[in-house]
Structure formats: structure tokens, C-alpha cells
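Written below as C-alpha cells is the structure these notes are about.
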Amino acid sequence: MSLLSLYDLSLLGRPDTPALEFDAGGVRRAFTFGDLEARSNRWAHLLAARGVAPGDLLAFCLPNRPAVIDLWIAAIKRGVILVPINVLYRGREIGHILADAAPRAVVTTADRVGDFAGLPVWDVDVVEAEAGTHPAERVAVRADAATPAALVYTSGTTGVAKGAVLTQGNFAANALALLAAWDITHADRYLAALPLFHVHGLGNGVQCWLASGCHMRLVERFEHDKAVGWFEEYRPTLFFGVPTMYVRLLETPAAQAQAIGARMRLFVSGSAPLPAQVLEAFAARFGHVILERYGMTETLMNVSNPLVGERRPGTVGLPLPMTAVRILDDGGAPVGTDETGELWVQGPNVCAGYWNRPEATAAAFVDGWFRTGDLGCRAADGYITLQGRRSDLIIAGGFNIYPREIEEVLTTLPGVREAAVVGVPDAVRGEVPVAYLVGQGIDTSAVEAALRAQVASFKVPRAFVVVDALPRTALGKVQKHLLPPVDTRR
Ligand code: MLC
Ligand code: AMP
Numbered sequence: 124m125s126l127l128s129l130y131d132l133s134l135l136g137r138p139d140t141p142a143l144e145f146d147a148g149g150v151r152r153a154f155t156f157g158d159l160e161a162r163s164n165r166w167a168h169l170l171a172a173r174g175v176a177p178g179d180l181l182a183f184c185l186p187n188r189p190a191v192i193d194l195w196i197a198a199i200k201r202g203v204i205l206v207p208i209n210v211l212y213r214g215r216e217i218g219h220i221l222a223d224a225a226p227r228a229v230v231t232t233a234d235r236v237g238d239f240a241g242l243p244v245w246d247v248d249v250v251e252a253e254a255g256t257h258p259a260e261r262v263a264v265r266a267d268a269a270t271p272a273a274l275v276y277t278s279g280t281t282g283v284a285k286g287a288v289l290t291q292g293n294f295a296a297n298a299l300a301l302l303a304a305w306d307i308t309h310a311d312r313y314l315a316a317l318p319l320f321h322v323h324g325l326g327n328g329v330q331c332w333l334a335s336g337c338h339m340r341l342v343e344r345f346e347h348d349k350a351v352g353w354f355e356e357y358r359p360t361l362f363f364g365v366p367t368m369y370v371r372l373l374e375t376p377a378a379q380a381q382a383i384g385a386r387m388r389l390f391v392s393g394s395a396p397l398p399a400q401v402l403e404a405f406a407a408r409f410g411h412v413i414l415e416r417y418g419m420t421e422t423l424m425n426v427s428n429p430l431v432g433e434r435r436p437g438t439v440g441l442p443l444p445m446t447a448v449r450i451l452d453d454g455g456a457p458v459g460t461d462e463t464g465e466l467w468v469q470g471p472n473v474c475a476g477y478w479n480r481p482e483a484t485a486a487a488f489v490d491g492w493f494r495t496g497d498l499g500c501r502a503a504d505g506y507i508t509l510q511g512r513r514s515d516l517i518i519a520g521g522f523n524i525y526p527r528e529i530e531e532v533l534t535t536l537p538g539v540r541e542a543a544v545v546g547v548p549d550a551v552r553g554e555v556p557v558a559y560l561v562g563q564g565i566d567t568s569a570v571e572a573a574l575r576a577q578v579a580s581f582k583v584p585r586a587f588v589v590v591d592a593l594p595r596t597a598l599g600k601v602q603k604h605l606l607p608p609v610d611t612r613r
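Here the sequence shown is numbered in our numbering, starting from 124 and rising by one per residue.
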């Protein structure tokens with residue numbers, strides 16, 4: 124199945140239905156599905172006119188705005204593979220993606236044009252205006268479930284950011300599974316505050332919206348001091364968020380929270396663990412038990428608590444329709460009930476592999492099953508609980524941080540001989556990174572400033588601790604759990 128045939132239920136089937144609204148500079152822009160069909164056709168013509176052929180890669184680094192939607196639908200129509208880039212990424216992170224994917228061009232905002240050396244950079248405002256000069260008639264290439272739709276970079280289980288090749292079939296299967304599991308229909312109103320450069324916002328939010336034909340209010344980014352106002356004014360029925368957003372929403376005054384909760388149908392959380400006490404506090408305040416689900420960039424969504432039935436705190440629930448989950452020990456044998464093992468998944472939601480990395484792909488896939496690197500156990504009644512990861516990945520506010528990447532940059536800075544980065548618990552972000560440094564005459568403020576210039580702000584450690592030596596095993600491996608505790612409270 125091509126993804127467009129799913130979108131067509133909305134784009135062609137409900138042309139006069141309001142589809143999308145977005146506020147910019149105090150002005151509301153509103154679009155019907157028919158408008159989106161015409162706009163994306165114009166963008167598809169523009170891609171052709173600018174020499175982007177089916178199968179080509181095109182990167183974008185954009186805050187949420189309607190142009191991302193136009194670009195996405197146009198790329199599906201033209202068979203172009205999009206490469207989303209996190210807007211918080213800096214030079215070296217961007218450089219890695221550009222070197223690895225070698226896209227034809229990148230679409231970005233005027234202020235970021237200088238960040239993308241060595242390839243054509245398209246100013247999104249220029250492109251949007253130019254698209255308006257192209258015809259509104261549909262052009263669409265033949266595509267099927269195996270046609271790649273996006274290359275989404277993730278640090279995955281090994282630390283080097285790799286591009287997961289997500290196909291049209293992956294996105295379609297994920298959308299259909301979520302529509303069925305969460306009963307999303309045209310009657311929903313979805314408040315979209317997740318960034319569209321990650322699969323939570325793009326793979327779940329945008330796909331469920333287009334496949335169901337519901338209404339979407341898109342906001343540029345989640346801002347906790349504005350979020351309550353959005354809920355009050357837009358009156359959504361559906362919200363997808365990372366745990367940090369729910370922690371922020373707990374600050375909502377009780378009466379307002381009750382009123383918002385009374386109008387909502389479903390709050391979904393994922394991308395990082397939702398602490399059971401946040402689920403409980405949210406239920407007390409908003410009158411809703413948040414539905415927690417589990418996914419990955421490489422697999423889109425795998426496991427979800429049920430819409431009807433028990434949403435069990437601390438668990439991610441049961442495998443989604445079409446997805447199978449095995450929990451295996453180090454030798455590849457199934458573990459028993461309540462025993463910990465690695466989750467392996469299989470289904471039409473699982474990516475085709477990693478871009479240009481046959482060895483990483485071969486290591487991740489065994490007999491058609493994808494090794495997630497996540498550890499967990501399954502209760503007798505099937506509910507799955509995640510218990511950590513095989514790697515030392517840190518997840519801060521739903522953004523991934525791979526310690527080794529930060530350690531490598533730190534050891535290039537003046538005075539720093541060795542570095543170890545660990546995650547420490549944080550009430551709002553879930554985890555935050557902390558750095559331990561060994562060296563001579565280290566100026567931690569200078570180290571922080573130099574690091575900030577090179578990596579995304581969420582990766583900059585909350586504290587820098589200078590120590591005499593890093594605790595190591597006899598084989599020289601750093602024993603991170605033996606590093607002295609540090610207070611990161613603000
Ligand atoms: C955060 N910041 C952004 C931003 N999000 N800047 C621009 N655009 C965005 N979209 C920056 C802020 O400027 C600030 O920078 C810092 O991040 C924290 O911002 P804050 O305002 O204090 O936000 P906070 O209330 O803490 O909330 C942060 C957050 C953000 C929840 C908005 O963490 C976020 O959007 N997380 C979503 C990540 C996500 O989509 N993950 C899905 C991955 S896919 P500074 O310089 O002050 O630090 C996946 C698979 C799956 O994992 O299962 O879903
Ligand atoms: P990413 O590489 O950004 O796609 O992040 C995927 C990882 O996020 C998964 O491998 C999990 O470790 C984590 N994750 C996603 N959802 C959850 C959840 N509900 N609870 C705990 N961890 C989660």
C-alpha cells in the first residue's frame with residue numbers, strides 16, 4: 124500500500140473539511156484538506172522543477188510550521204526521501220548527518236542558512252513563495268509499501284548516529300495500528316506540540332491526523348507557559364507528549380485542569396519513561412489516566428497500554444496490532460514470565476535497516492527480528508515493563524544523548540584529559556547529563572561554553588565536576604556508578 128492512498132481518504136475524500144490551523148505572528152492560518160492537497164501538489168511540482176528526483180534525499184531543519192506538512196506530503200507524492208534534522212543540532216551534529224546522507228539540498232529558515240555548508244540551502248520562505256507559482260494539479264509517482272519515505276537519524280544502540288530507513292509501509296502500518304488501538308477518528312482534535320523532526324511528532328502525530336482526517340492545531344514548539352492557553356482555546360480531544368510535557372502540565376491550576384480534562388478524550392505519553400507518580404498526579408489533577416506506549420525511531424510504535432482496559436502505571440502495555448514482541452536472554456532464548464531480557468520486535472512498522480550501514484543493519488536484525496537494545500519483562504497477563512537499556516543512553520525531555528559523543532568532544536577541549544558523562548535523575552526532564560573531568564587547570568565555564576558551541580543545548584551537562592581520576596576496572600573500563608554524586612537541582 125502506498126501512504127498516499129491512506130492520505131487520500133482525507134486529501135481527496137474530505138476536501139472542504141477544516142484540516143489544520145497554525146498561528147504565526149498573531150495571524151491564524153487555516154487550511155482545509157483540499158488546500159493541503161493543492162499546496163502539496165504545488166510543492167511537488169517545485170521539487171521536480173528544482174531537480175529533486177524520485178529516490179533523492181532532501182533534508183529539512185525547520186521548527187514546526189505548515190511548510191513542513193506541505194513538504195512532507197509533496198515528498199510522498201514525488202517519492203523523495205526526507206531527512207529531518209533536529210533544530211537544536213549544531214555544526215558537528217549537522218555535519219555528520221550531511222556527510223552520511225549526502226542529501227541533494229536542505230530546507231531551512233533564513234537564520235540557519237549559514238549552518239549548512241557544502242550543499243544547496245533552500246530558504247523555506249523563498250521556497251514557499253515559489254511553490255505558489257506552480258500548478259495545483261496532482262503529480263504523483265508510483266510508490267508502494269517498500270518505497271523509502273524518510274531517513275531519520277538516531278544514536279540507536281551503538282552511539283554513532285545512523286539513519287533509519289523508514290518506508291511508506293512503515294508509516295502506514297504505524298498509523299493504522301494507532302488509529303485502531305486508540306480509536307482515533309475524524310471527530311478528534313489533535314494538539315500537535317511535538318517537534319516534527321522526530322518520529323513521535325511526525326510518525327504518530329502527522330500520520331494519525333492525515334489518516335483519520337481529524338483536525339490539527341500545530342504549534343511551533345511546546346512552551347509550558349503557553350500550553351494551558353492552547354488547551355483552553357483550541358479544546359483538543361487528543362494530545363501526544365513526552366513525560367516532560369506532562370510534568371509541566373501538572374502546574375496547571377486545579378479548576379482549569381479539571382475543565383481541560385473534561386473536554387479531552389486521550390492523553391498519550393512516550394519516548395521516555397513516564398514515572399508512575401506523574402501518571403497518578405496527572406490523573407488526580409486532570410481526571411485522565413495517561414496512556415503510555417513504547418516506540419523507537421527504527422520501529423515506530425511497538426507496545427501500548429490499552430484504550431479500554433487497565434492502563435497500568437509503570438508499564439507500556441501490550442504489543443500493538445501487527446507487531447510481535449519477544450523477550451530473549453543473552454543467548455537468544457526466551458525468558459520466563461517476569462524475567463528480564465532484551466525486547467526483539469517484528470512487524471510492518473519496523474524499518475528497512477540503516478542507511479549505507481550493512482554491518483549495523485546485520486547486527487540489529489536477526490532472523491527478521493529487530494533487536495531494540497531495550498530491556499524489559501512480561502507479566503503473566505502480557506503487560507510489558509521496560510527496565511532500562513543495554514547501552515548507557517540518556518533521555519532528557521525525550522531527546523536522546525549518547526554519552527560517548529559528549530565525552531569525545533570534551534576531551535578535545537583545553538586541559539581535559541579524560542571525561543565521563545552520566546545521566547542523573549531530574550524531576551522535569553527525566554534525566555539530565557553530568558560530566559566528570561580529569562586534567563590540569565580545567566576552567567569548567569570555558570569548557571561549558573566551548574561545548575555549547577558544538578552540540579545541541581540539551582546535551583550540555585548540567586554540572587561539570589573535576590575529579591583526580593575516573594574509577595576504572597582492571598581492564599580500564601570506566602565504572603560510572605562509582606563516580607561521586609552531584610546535586611543538579613536548579
Ligand atoms: C526544546 N528546546 C527547543 C525545542 N525544544 N528549542 C527549539 N525548538 C524546540 N522544539 C530547547 C529550549 O530552547 C531550551 O533550550 C531547552 O530546549 C528546554 O526548553 P524548555 O522550554 O525549558 O522546555 P521544557 O519545558 O523542559 O520541555 C522540553 C521539551 C523538549 C519537552 C519541549 O524536550 C521536547 O520537545 N521534547 C520532545 C522530544 C521528542 O519529540 N522526542 C521523540 C523522539 S522519537 P536551552 O538552551 O535553554 O537548554 C522517540 C521514539 C518514541 O523517542 O517512542 O517516541
Ligand atoms: P529514539 O532513538 O529517539 O527513537 O528513542 C527510542 C528509545 O526511547 C527506546 O529505545 C526506549 O529506550 C525509549 N522509549 C520510548 N518510549 C518509552 C517509554 N514509554 N518508556 C521508556 N522508554 C521509552
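Yeah, the Cβ is synthetic: ideal placement off N, Cα and C, and Gly gets one too.
With three or more C-beta pairs closer than 8 Å as the rule, is the segment 440-451 touching the segment 295-313?
Counting Cβ pairs under 8 Å, three or more are found: they touch.
**Prompt:** Can you check whether the CB of residue 466 is closer than 8 Å to the CB of residue 448?
**Reply:** Going by C-beta atoms, residue 448 is nearer than 8 Å to residue 466.
Less than 6 Å between C-beta atoms, sequence neighbours within five positions excluded: which residues of the same chain meet that for residue 438? Cβ-Cβ distances below 6 Å link residue 438 to 506 and 508 in the same chain, with the five nearest sequence neighbours on each side left out; the list follows chain order.
Helix, strand or coil: how does DSSP classify residue 492 here? Strand at residue 492.
(Q) As a quick exercise: from 373, 431 and 366, pick the residue whose alpha carbon is nearest that of residue 305. (A) The shortest C-alpha separation from residue 305 is found at 431.
Which two residues bound the contiguous alpha helix (DSSP H) that contains residue 157?
-> Looking at the DSSP string, the run of the alpha helix (DSSP H) that includes residue 157 is 156-172.
* For residue 64, which of helix, strand or coil comes out of DSSP? -> No information on residue 64 is available, as it lies outside the stretch 124 to 613 that the chain covers here.
Exercise for the section: Counting only the same chain and skipping the five closest in sequence on each side, list residues whose C-beta sits under 6 Å from that of residue 160. Expected result: Excluding the 5 residues flanking it on each side, residue 160 has same chain C-beta neighbours closer than 6 Å at 134, in chain order.
Q) Taking 7 Å as the cut-off, does the CB of residue 497 come closer than this to any heavy atom belonging to the ligand AMP? A) Placement of the Cβ of residue 497 at a distance of less than 7 Å from at least one heavy atom of the ligand AMP is found.
What's the call for residue 503, buried or exposed, on a 16-neighbour Cβ count within 10 Å?
By the C-beta density criterion, residue 503 is exposed, having fewer than 16 other C-beta atoms within 10 angstroms.
Is the separation between the beta-carbon of residue 174 and that of residue 204 shorter than 8 Å? Their beta carbons are not under 8 Å apart, which means residue 174 does not touch residue 204 by this criterion.
Here's a check: name, in chain order, each residue in its chain whose Cβ is nearer than 6 Å to the Cβ of residue 129, leaving out the five neighbours to either side. Hits under 6 Å: 295 and 334.
- Message: Could you compute how far the alpha carbon of residue 564 sits from the alpha carbon of residue 186?
- Response: Residue 564 and residue 186: Cα-Cα distance of roughly 40 Å.
With respect to 7 Å, is the separation between the Cβ of residue 516 and the closest non-hydrogen atom of the ligand MLC below this value?
Distance from the C-beta of residue 516 to the nearest heavy atom of the ligand MLC is not below 7 Å.
- Cα separation between residue 181 and residue 238? Rounded to the nearest whole angstrom, the C-alpha separation of residue 181 and residue 238 is 16 Å.
Counted within 10 angstroms of its Cβ, other Cβ atoms place residue 309 as buried (16 or more) or exposed: So residue 309 counts as exposed.
CB contact flag (residue 422, residue 474, <8 Å): Cβ atoms of residue 422 and residue 474: closer than 8 Å.
Practice problem: Determine the direct distance from the alpha carbon of residue 512 to that of residue 584, and round the result to whole angstroms. | Solution: A direct Cα-Cα distance of roughly 20 Å separates residue 584 from residue 512.
Inter-stretch contact at 8 Å, needing at least 3 Cβ pairs: the segment 351-361 / the segment 386-393: The segment 351-361 makes contact with the segment 386-393; the number of CB pairs closer than 8 Å reaches 3 or more.
Q) Which stretch, first to last residue, makes up the beta strand (DSSP E) that contains residue 248? A) Residue 248 -> not in any beta strand (DSSP E); alpha helix (DSSP H) instead, spanning 247-254.
- Query: Assuming residue 354 and residue 323 make a contact with CB atoms under 8 Å, what is their CB distance in whole Å?
  - Reply: Incorrect: roughly 19 Å between the Cβ atoms, too far for contact.
Next item on the list: Taking residue 491 and residue 469 to be in contact with their CB atoms under 8 Å, please state how far apart those CB atoms are, rounded to whole angstroms.
Entry: About 6 Å; that satisfies the 8 Å criterion.
- Message: Less than 8 Å between the C-beta atoms of residue 145 and residue 341, yes or no?
- Response: Going by C-beta atoms, residue 145 is nearer than 8 Å to residue 341.
Quick one, which of 318, 418, 544 and 327 has its alpha-carbon nearest residue 209's?
Closest option to residue 209, Cα to Cα, is 318.
Practice problem: Per DSSP, which residues does residue 554 bridge with? Please list them. | Solution: In the DSSP output, where bridge partners are listed per residue, residue 554 has 548.
Using 10 angstroms around the beta-carbon of residue 273, count the other beta-carbons present and answer buried if the total reaches 16, otherwise exposed.
Under this definition residue 273 is a buried residue.
Checklist line | Residue ranges of each beta strand (DSSP E) within the segment 433-479, 3 or longer | finding: Scanning the segment 433-479 for uninterrupted beta strand (DSSP E) segments of 3 residues or longer gives 447-451 and 464-469, listed from N- to C-terminal end.
Status (buried if at least 16 other CB within 10 Å, exposed otherwise) for residue 576 = So residue 576 counts as exposed.
From 402, 351, 537 and 405, pick the residue whose C-alpha is nearest to that of residue 379; which is it?
The shortest CA-to-CA distance from residue 379 to any of 402, 351, 537 and 405 is the one to 351.
* To do: Please determine, among 330, 188, 555 and 462, the residue with the shortest C-alpha to C-alpha distance to residue 148.
  => Cα-wise, what sits closest to residue 148 is 188.
**Asked** How about the segment 511-531 and the segment 193-207: do they share at least three Cβ pairs that are nearer than 8 Å?
**Response** Result no; under three Cβ-Cβ pairs closer than 8 Å.
Looking at C-alpha atoms only, which residue of 587, 552, 321 and 520 is the closest neighbour of residue 567?
-> It is 587.
>> Runs of 4 residues minimum, wholly inside the segment 220-300: which ones carry the alpha helix (DSSP H) assignment?
In response: Whole alpha helix (DSSP H) segments, 4+ residues: 247-254.
- Message: If distances are taken between C-alpha atoms only, which option among 327, 347, 531 and 315 comes closest to residue 339?
- Response: Relative to residue 339, the option among 327, 347, 531 and 315 whose CA is nearest is 315.
message = Please list the terminal residues of the continuous beta strand (DSSP E) segment that includes residue 508.
response = From DSSP, the beta strand (DSSP E) with residue 508 extends over 507-512.
With distances taken Cα to Cα, identify the nearest neighbour of residue 233 among 250, 569 and 150. For residue 233, the nearest C-alpha among the options comes from 250.
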